[in-house]
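Asks: In my numbering, the protein residues as written are 674 to 873.
1) How would you label residue 763, buried or exposed, when you count the other beta carbons within 10 angstroms and need 16 or more for buried?
2) Excluding the 5 residues flanking residue 754 on each side, which residues of the same chain have their C-beta closer than 7 angstroms to its C-beta?
3) Which class does residue 791 belong to by DSSP, given the choice of helix, strand or coil?
4) Determine the extent of the alpha helix (DSSP H) in which residue 733 is found, giving its start and end residues.
5) For residue 740, count neighbouring C-beta atoms within 10 Å of its own C-beta (all shown protein chains included) and say buried if the count is 16 or more, exposed if not.
6) Beta carbon of residue 736, beta carbon of residue 802: below 8 angstroms?
7) Beta-carbon separation of residue 795 and residue 733 under 8 angstroms?
8) Whole angstroms are fine: how far does the CA of residue 826 sit from the CA of residue 818?
9) Counting C-beta neighbours from all protein chains within 10 Å, is the total for residue 727 16 or more, i.e. buried, or is it exposed?
10) Have a look at residue 757 and residue 773 and give me their C-alpha separation to the nearest angstrom.
11) Output yes if chain C places a C-beta closer than 8 angstroms to the C-beta of residue 799; else output no.
12) Looking at the structure shown, is residue 713 part of a helix, part of a strand, or coil, going by DSSP?
And the structure:
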């Protein structure tokens, strides 16, 4: 009897431990999901704010908002394309490493542009804009280049796969239709007379 009680106690303890572990995992996953949703919402709000500023504020302040928006949009699109492609294509790991290095420069520039949004001296801001414009252009051009190269590679592999699949389907269709060739009567050799009809 004591052995049965001990077994049930161990099973109960095991269920409690597994339940606690599952609860901790579920709470952690929910927290990560909430954090991800909050950061996406924050990004969306900030992007809409930048878009509104670029349209509503003339001059250097509006141009700063345009630069930040262009930089953030390009970097995010490249990040999404590379991470999606890396899940299917291992050779994009090096491209991801390059993008991470580029992201450091992008975050630095985004932070600098954000700080300059509150700069009261518009003359200083106007003097710094050409350099900021050039840096933004270089970073977005590099990000766009990585993104389009990854997309071209994915399209190329998809086209190659489709060509291979089409050839295999044609071969299988030919194999399935082999009976049509076997049932057609063989043509008599040239010069041979056709067989006489049964009533002759």
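Built from N, CA and C at the ideal position, the CB exists for glycine as well.
Replies: Inspection of the coordinates gives the following:
1) As a first step, residue 763 must be located in the chain shown, where it is residue number 90. Residue 763 should be labelled exposed.
2) Position 81 of the chain shown, counted from the start, is the residue given in the question as residue 754. 820, 823, 824, listed in sequence order.
3) As a working mapping, residue 791 is identified with position 118 in the chain shown. Coil at residue 791, not helix or strand.
4) The residue given as residue 733 occupies position 60 in the chain shown. Element bounds for residue 733: 733 to 761.
5) Numbered from 1 along the chain shown, position 67 holds the residue referred to as residue 740. Classification of residue 740: buried, given that the 10 Å Cβ count is 16 or more.
6) By 1-based counting over the chain shown, the position of residue 736 is 63. By 1-based counting over the chain shown, the position of residue 802 is 129. Yes, they are a contact pair.
7) Position 122 of the chain shown holds residue 795. Position 60 of the chain shown holds residue 733. The answer is yes: Cβ separation under 8 angstroms.
8) Working through the chain shown from its first residue, we reach residue 818 at position 145. Working through the chain shown from its first residue, we reach residue 826 at position 153. If you take the alpha carbons of residue 818 and residue 826, they lie about 12 angstroms apart.
9) Working through the chain shown from its first residue, we reach residue 727 at position 54. Buried is the call here.
10) The count along the chain shown starts at 1 and reaches residue 757 at position 84. The count along the chain shown starts at 1 and reaches residue 773 at position 100. So the alpha carbons of these two residues sit roughly 15 angstroms apart.
11) This model lacks chain C altogether; it includes just one protein chain.
12) Taking the first residue of the chain shown as 1, we reach residue 713 at position 40. Residue state, collapsed to three classes: helix.
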